[in-house]
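J.: For the sequence shown, position 120 (counting from the first letter as 1) is numbered 108 according to the working numbering, and the numbering increases by one without interruption. Backbone N, C-alpha and C fix where the C-beta goes; we use that ideal spot for every residue, glycine too.
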Amino acid sequence: MVRLGIDLPILPGDTVRDTVLGSTPSGAAFLLPTSLPPGAGGNSYVYAHARAGMFLSLWNARLGDVVEVTSRSGEVRVYVVTEIHPRVAPTDVRHTLPTSDERITLQTSTGPRDADPRFVVVAVRGS
C-alpha cells in the first residue's frame, strides 16, 4: 500500500504451514491457496504478519487508500480501499470467498493467539 509503505512479494500460501502449524514465514505476504492471484479477476485473499515492514501498518488503513500490485511482467494493478474490518472472528470466512468483482483482500492479525480477531482490508480494482 503506497501511503502505508507496505511493499512485499506475494507468494503462494500453504494452509498446513500457515494455519495448522502456525509457522507463516516473515518477509512476504501470502496468497490464500483457494483464492485467485491478483489480476485473475475475483477475490485475491492475501495475508501477512502484523510486524514492522510487513502488514502491521495495515491497522492504519483508510478508505480510499491505494493498493498497487506489480506483476512479474511489470504490470501495475491499482486497487482502492472500500472496506475496513478491524475485528473479524477467525471463524468468519466470508472475506475469503469468491467475488464477481476484482478485488484484493488483505488480512493480518490483531494479536498473537489463534483466537484473536483478524484485521481485514478490502480494496476493489480502480482505474
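So, helix, strand or coil for His83, using DSSP?
T.: Reduced to three states, the DSSP call for His83 is helix.
J.: Would you grab the beta carbon distance between Val112 and Asp89 for me? Rounded to a whole angstrom, and I think it's under 8 Å.
T.: Yes, Val112 and Asp89 are in contact; Cβ-Cβ is about 6 Å, under 8 Å.
J.: Unbroken alpha helix (DSSP H) runs of length 4 or more, entirely within the segment 5 to 91: which are they?
T.: As far as the segment 5 to 91 is concerned, it has no whole alpha helix (DSSP H) run of at least 4 residues.
J.: From Thr58 to Val76, what distance separates their C-alpha atoms?
T.: Their backbone Cα atoms lie some 28 Å apart in a straight line.
J.: What's the gap between the Cα of Gly41 and the Cα of Thr96?
T.: Each residue's alpha carbon lies about 13 Å from the other.
J.: Who does Arg106 pair with in a DSSP beta bridge?
T.: Partner(s): Val76, Ser97.
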